[in-house]
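**Student:**
Protein chains in written order, with the working numbering: chain A, 2 to 349; chain B, 430 to 952; chain C, -17 to 561.
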């Protein structure tokens, strides 16, 4: 209890930089902050992965429905179903299956799909790039639009000026955030593909086919992040160090780009990291509407097929990516704002 | 749509669009059409094929792709007739058949397809160890003896029990002839990675799971069936299949020329109405009927209750709810196009809600339904609502296909009634009847209702023994009449398979079954 | 003991967004209550007119079962709201329980639990929800449970982080030392202090939950027939979107309006709880029409004549203050918190919050008229500023060097190397050790005294005419304080820079200042020379009281440390001025 906890980026929504406590002073420690950081986070990542594997493995078989029946098809006899069940290894006790699974994982093998004559690794390797393409473009759009938009509104409405802009901004972003993704996506298709015929309705055949899904995927997050950025901007603008910068009479660009922006990024990037993980795993609806061959659709199909290895594999890979992303965001934040390297969230 | 919102979303999106195009270097090109080359056909699959081994094809997508890759000995022509595939000629009695194999057919690697190769493949198909679900539908009960006489160019099949529908069975894509290279490498065969296994007009040249499959036309392929009415156009050099496509999205893609031929959802049919750039053909894909659990303990062992349910059902209302009115009226358990199907609906239980209400009021039943019948399971929802209107409570569990199969096949205690989709691939009355009157699932059969109906089985046997059509149909008529009188099932409608073809592309459905081997480019 | 400090009751402010949000939400709730009473039969009875277009009888047409689309959309409101509220409550209660309990657990358990939460957050939440929904089977409550469970980790992480910062505060530590039981600490100390952010978060969770639940229904895993929520209606409608677009319109509007109103309420609550909010922006710098009471001398370097600073509420925070500073003079401005001294200083620096209204007959530094616009370069170079809390003065995200050289590079157009070299020298001059490496460090790596000396150094590089130091020693401990004061004194002696030195501590200023002005309640009470003050030669009773209350330097350590460091928190000043 000696050192106050750093208000890490995750408290973003309750950001109050003033309550920053004393931290490493003068850097007179044996380890560099980065080494300490690596050790601390390394342990966290391993724990997260372990939990991910265990929870996923034992949760998936709870899905109702017998994989053997699903694989056998509508007209199979019970004898055939039994044979399939045996060949899928479903007659083994759960702990044995778990040991085998973990053993395979250690060699990078995610097993073979129950339903398809393919390995899970192949399925994920084929489909993940499509999802990643969408998600990365989506998050790029989100960051490039929401940060400038949120900042501008935050700056323009500082000290409660331009009330109308504040209200309009809140209404518009709130509106687009509240429109369900599937409704928005459908409207996009109706307008751009069917009515005006300027963009493909679906598929991943051409680069232009990316546009509508990316838009559909990013409109919501653009709104939510720009709202957060707007709120953060007004908080940062009230900080003492901004008064210092104003006291130095810095030009507007320098004031906002150099002194304000880095202090917003903590929150914005944290959220962006979460949103990117979400986009990787949660583009199910967009993938469906735009017939985009991503992993989200695959997992829905896999649940219907009771295809345990595919479900487990996809969740593991997505969870792993989320963990890595989380770490990556933290590292980026550490570079932008070294304070975040200090005692993070937990008290040690 | 609501214009205000359209405008709003459009303007918001414009900024994002601009940005995306800057960051990716993508320039939005005018028009959704991606310039289809005239030698390529783009079509959709429901989901990924589970296997490229024709003999183990279970799902619709499996045998759709099998049509491209493997030739069967006999093919279906229009009006219930057959036409030669790998066989040029055939003769059949209820107990045996002899097929004359054409001499000019080759496997994709150039190996000549001899009668031995055909027999070897059919034996693999019929082998119980292969564990396919279709052997019994083709060869009837028991194990057939299949031999080849290379010198005479013939394959001889001897059946264990009389089965007069062998030739029809041999048109099934599942009986496609797998060349020896495939049988030697079953893993590779399933993955589609053994090109020499293919006997059909195409080889699989690209298989990207969940993304796209590509078939390439073999330049040396000559064994095209000679249909009574020759097909227009030429076979595509390349066929691209996109799996896992949302049906509404496919309709969009057809309309924007991103797709050439595909099944669509019934509700989207009207988007193509009166559009001369598209041809829409509808065939019955599967019979949909209410099926009762007739095992002891289920309320529906009581014929009065079954009848009451039948009296509640209104085929038109079900059709509207599940298939936007595009379903095909059924008079019996099979489609009207199937040989020996009942000619009119006189044998169906008449709708009589008042009578039904008297019986059903206050009753409650457990129903399991699959989400795949009607949009989001609207078919089952209809029945639930109809019974609710008659005063009965239906505890409906709407589940996906896999769970439905598990519940209906292995947990009979969890349901009293269900709606069954019966895809009759062979196109025979027997194929559907055995499903509801044959051996119950708990005894290893495929009858999920559990009521073994000796009378119907006897009728089937009579039909299979019959040497002429009239006798066979008489027996089948008997059987159909009996199950309808008993209300063992309540026929609803036929699930429509609605195939839309863009101008310049065509596909045929000989005798009501869509055959991807007939896909042609006509422009 | 261990009393939770609470902000004195603020008046609740109705922002337009909040008003719109509450009105829309009330309408939805009213629909949810009323619609099922009157419309259930037309919403649920099957008719023989399926898939009809709009007509007088059915305004938005009928669905595939012949039911009235409009009626169904309205009746669905009740279930949708009930589900969303239940999910939100589960997620919030679960999240708060976990998030706060974690902070009362022993350190080891806490670290483990935090890691667990962290790991759970990494679990892809939509897929997690899908999996849970698949396991529980389709249905209303399994959807509710699935989304709630999937939302708990994120919510508990946020709560844990908030609890983390609060549990470090003195009153919580004290309570724990006194052995106050855990649940009591949660209910008495943690929750009240998190209430506002939690409320805002809850509104956000409500909005996202609404959409997630409808997404589950849309995929077909949520609400099942015969029940229906917006998601299921949309799921039915979007199948027919091209043949019967009207069917989708109403549920889309309803779901959007509900989500939007929740978000507006969240925003509104955030704005209402924001102490900065609610002020009206009204910056007017105008010449005062009041006659000067105490004229300042026109030949002085700094001339403030009849300065009045008004809060947006109309309250005068500084009332007709006048002062002047001659070149090379050190003027001390003394008074307790809220006396208006900092406001006065900041108005001379031109850094008053924009919503305050400033009026004065004259307000100038040299020939810079602070009532008008000035050349930023001259403002930056001619007035040096030193603030109260060195810990917050510097931008935490930038290295010291780049901040300290900013004025030189931006305004004096010096090259980076020149500016750095100059700054290194300036730091060395004020006896900062290893100045080169300090320049590469971040503010949090330096001590408060070092930061404050660096601030003084940077305010000197442009050789300003005036240095305004706003309680520059308050946040420092006593030994450092004396050192910093020495810095100021030597600067004044060596360079002859004029200074305006603000302090609440009369002892600090008496040693340094030529002139001391005592302020209270926004007014000048007394002007003294430093010498008078040192002799105790004061007239006003308030000044006497101030002097009497000041212990000798050596005794003041505890007092100094205990002092709060809010240099410039307007709200506090307003509230303390008006009890």
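We put the beta carbon where it would ideally sit given N, CA and C, even for glycine.
Given the structure is predicted, the values throughout are model-derived calculations rather than measurements.
1. Exposed or buried, what is residue 180 of chain C when buried is set at 16 or more other beta-carbons lying within 10 Å of its beta-carbon?
2. Return helix, strand or coil for residue 298 of chain C, following the three-state DSSP convention.
3. Which residues in the same chain as residue 372 of chain C place their Cβ atom closer than 7 angstroms to its Cβ, once the five residues preceding and following it in sequence are excluded?
4. I'd like to know if the segment 934 to 941 of chain B and the segment 501 to 509 of chain B are in contact, where contact means that at least 3 CB-CB pairs between them fall below 8 angstroms.
5. At the 7 angstroms Cβ level, is residue 62 of chain A part of the contact set with chain B, yes or no?
6. Would you decide whether residue 329 of chain C is buried or exposed? Buried here means 16 or more other CB atoms lie within 10 Å of its CB.
7. Quick check on DSSP: helix, strand or coil for residue 498 of chain C?
8. Do you know how far the Cα of residue 880 of chain B is from the Cα of residue 298 of chain A?
9. Name, going along the chain, the residues of the segment 686 to 708 of chain B whose beta-carbon falls closer than 7 angstroms to a beta-carbon of chain A.
10. Would you grab the beta carbon distance between residue 10 of chain C and residue 242 of chain C for me? Rounded to a whole angstrom, and I think it's under 8 angstroms.
11. By DSSP's criteria, residue 757 of chain B is part of a beta bridge. Which residues make up the other side?
12. I need the straight-line Cα distance from residue 370 of chain C to residue 479 of chain C, nearest angstrom please.
13. Using Cβ-Cβ distances below 7 angstroms, what residues of the segment 559 to 579 of chain B are close to chain A?
14. Using a Cβ-Cβ cut-off of 7 angstroms, state whether residue 810 of chain B counts as contacting chain C.
15. Quick one: which residues of the segment 320 to 341 of chain C get their C-beta closer than 8 angstroms to a C-beta of chain A? List them in chain order.
16. Residue 436 of chain A lies in the alpha helix (DSSP H); which residues open and close that run?
17. May I ask which residues mark the beginning and end of the beta strand (DSSP E) holding residue 796 of chain B?
18. Residue range of the alpha helix (DSSP H) that residue 10 of chain C falls in?
19. To the nearest whole angstrom, what separates the beta carbons of residue 48 of chain C and residue 226 of chain C, a pair I think is in contact under 8 angstroms?
20. Closer than 7 angstroms, CB to CB, is residue 29 of chain A near chain C or not?
21. Using the Cβ count rule (16 or more neighbours within 10 Å means buried), how would you classify residue 416 of chain C?
22. Along the chain, where does the alpha helix (DSSP H) containing residue 566 of chain C start, and where does it finish?
23. Whole-angstrom Cβ separation of residue 562 of chain C and residue 3 of chain C, contact assumed at under 8 angstroms?
24. For the beta strand (DSSP E) that contains residue 346 of chain C, what are its first and last residues?
25. Per DSSP, which residues does residue 611 of chain B bridge with? Please list them.
26. Taking only beta-carbon positions, decide if residue 198 of chain A is within less than 7 angstroms of chain C.
27. Going by DSSP in three states, residue 332 of chain C sits in which element: helix, strand or coil?
28. Residue ranges of each beta strand (DSSP E) run of no fewer than 3 residues wholly in the segment 681 to 721 of chain B, ordered along the chain?
29. Check residue 826 of chain B in the structure and name its three-state DSSP category.
30. Within its chain, find whatever has a CB closer than 7 angstroms to the CB of residue 933 of chain B; leave out the 5 residues flanking it on each side and keep chain order.
31. Could you check where the beta strand (DSSP E) with residue 842 of chain B kicks off and where it finishes?
32. At 7 angstroms on the CB atoms, spell out the chain A contacts of residue 681 of chain B, in chain order.
33. Pick out the complete alpha helix (DSSP H) segments inside the segment 464 to 529 of chain B, 4 residues or longer, and give them in chain order.
34. Check residue 949 of chain B in the structure and name its three-state DSSP category.
35. Tell me where the beta strand (DSSP E) around residue 429 of chain C begins and ends.
36. Evaluate residue 898 of chain B with the Cβ neighbour count: other Cβ atoms within 10 Å of its Cβ, from every protein chain shown; 16 or more gives buried, anything less gives exposed.
**Tutor:** Let me spell this out:
1. Numbered from 1 along the third chain, position 198 holds the residue referred to as residue 180 of chain C. So residue 180 of chain C counts as buried.
2. Taking the first residue of the third chain as position 1, residue 298 of chain C is located at position 316. Three-state DSSP puts residue 298 of chain C in a strand.
3. Here residue 372 of chain C refers to the residue found at position 390 of the third chain. So the list reads 430, 433, 434, 437 and 457, once near-sequence residues are dropped.
4. yes
5. The count along the first chain starts at 1 and reaches residue 62 of chain A at position 61. No, no contact with chain B.
6. Counting from 1 along the third chain, the entry for residue 329 of chain C is found at position 347. Buried: at least 16 other Cβ atoms inside 10 Å.
7. Looking up residue 498 of chain C in the third chain gives position 516. Of the three classes helix, strand and coil, the one that applies to residue 498 of chain C here is strand, per DSSP.
8. Locating residue 298 of chain A in the first chain gives position 297, where the first residue counts as 1. Locating residue 880 of chain B in the second chain gives position 451, where the first residue counts as 1. Straight-line Cα distance between these residues: approximately 39 angstroms.
9. 687
10. Here residue 10 of chain C is taken as the residue at index 28 of the third chain, counted from 1. Here residue 242 of chain C is taken as the residue at index 260 of the third chain, counted from 1. Not confirmed; about 10 angstroms, so no contact.
11. Within the second chain, the letter at position 328 stands for residue 757 of chain B. According to DSSP, residue 757 of chain B bridges with B:923.
12. Within the third chain, the letter at position 388 stands for residue 370 of chain C. Within the third chain, the letter at position 497 stands for residue 479 of chain C. Whole-angstrom Cα-Cα distance: 19 angstroms.
13. 560 and 562
14. As a working note, residue 810 of chain B is residue 381 in the second chain. Yes, its Cβ sits closer than 7 angstroms to a Cβ of chain C.
15. 331, 333, 335, 336 and 337
16. Any question about residue 436 of chain A goes unanswered here, given that chain A covers just 2 to 349.
17. The residue labelled residue 796 of chain B in the question sits at position 367 within the second chain. 793 to 799 is the extent of the beta strand (DSSP E) around residue 796 of chain B.
18. Position 28 of the third chain, counting from 1, holds the residue named residue 10 of chain C. That run of the alpha helix (DSSP H) goes -2 to 26.
19. Within the third chain, the letter at position 66 stands for residue 48 of chain C. Within the third chain, the letter at position 244 stands for residue 226 of chain C. By a beta-carbon distance limit of 8 angstroms, residue 48 of chain C does not contact residue 226 of chain C. Their separation comes to about 13 angstroms.
20. Taking the first residue of the first chain as position 1, residue 29 of chain A is located at position 28. Low confidence applies here, because residue 29 of chain A scores a pLDDT of 41, under 50, leaving its location unreliable and the question unanswered by this model.
21. Position 434 of the third chain, counted from the first residue, corresponds to residue 416 of chain C. Classification of residue 416 of chain C: exposed, given that the 10 Å Cβ count is below 16.
22. In the structure displayed, chain C extends from -17 to 561; residue 566 of chain C sits before or after that span and is not available.
23. It is not possible to answer for residue 562 of chain C, since the shown part of chain C is limited to -17 through 561.
24. By one-based count along the third chain, residue 346 of chain C stands at place 364. For residue 346 of chain C, the enclosing beta strand (DSSP E) has its first and last residue at 344 to 347.
25. Within the second chain, numbered from 1, the residue matching residue 611 of chain B stands at position 182. Residue 611 of chain B is not bridged to any residue.
26. Mapped onto the first chain, residue 198 of chain A falls at position 197. At least 7 angstroms separates the CB of residue 198 of chain A from every CB of chain C.
27. What you label residue 332 of chain C is simply residue 350 of the third chain in a count that begins at 1. Here residue 332 of chain C sits in coil by DSSP.
28. 690 to 693 and 707 to 721
29. Along the second chain, one-based indexing puts residue 826 of chain B at 397. In the structure shown, residue 826 of chain B sits in a strand (DSSP, three-state: E or B).
30. On the second chain, residue 933 of chain B is found 504 positions in, with the first residue counted as 1. Apart from sequence neighbours up to five positions away, the residues of its chain that approach residue 933 of chain B with a beta-carbon distance below 7 angstroms are 950, 951 and 952, ordered along the chain.
31. Numbered from 1 along the second chain, position 413 holds the residue referred to as residue 842 of chain B. Counting along the chain, residue 842 of chain B falls outside any beta strand (DSSP E), and DSSP gives it neither H nor E.
32. What you label residue 681 of chain B is simply residue 252 of the second chain in a count that begins at 1. The contacting residues are 190, 194, 195, 202 and 203.
33. With a minimum length of 4 residues, the continuous alpha helix (DSSP H) runs that stay inside the segment 464 to 529 of chain B are 489 to 498.
34. If you number the second chain from 1, residue 949 of chain B lands on position 520. Here residue 949 of chain B sits in strand by DSSP.
35. Along the third chain, one-based indexing puts residue 429 of chain C at 447. From DSSP, residue 429 of chain C is part of no beta strand (DSSP E); its letter is neither H nor E.
36. To locate residue 898 of chain B, count along the second chain from 1; it is residue 469. Exposed is the call here.
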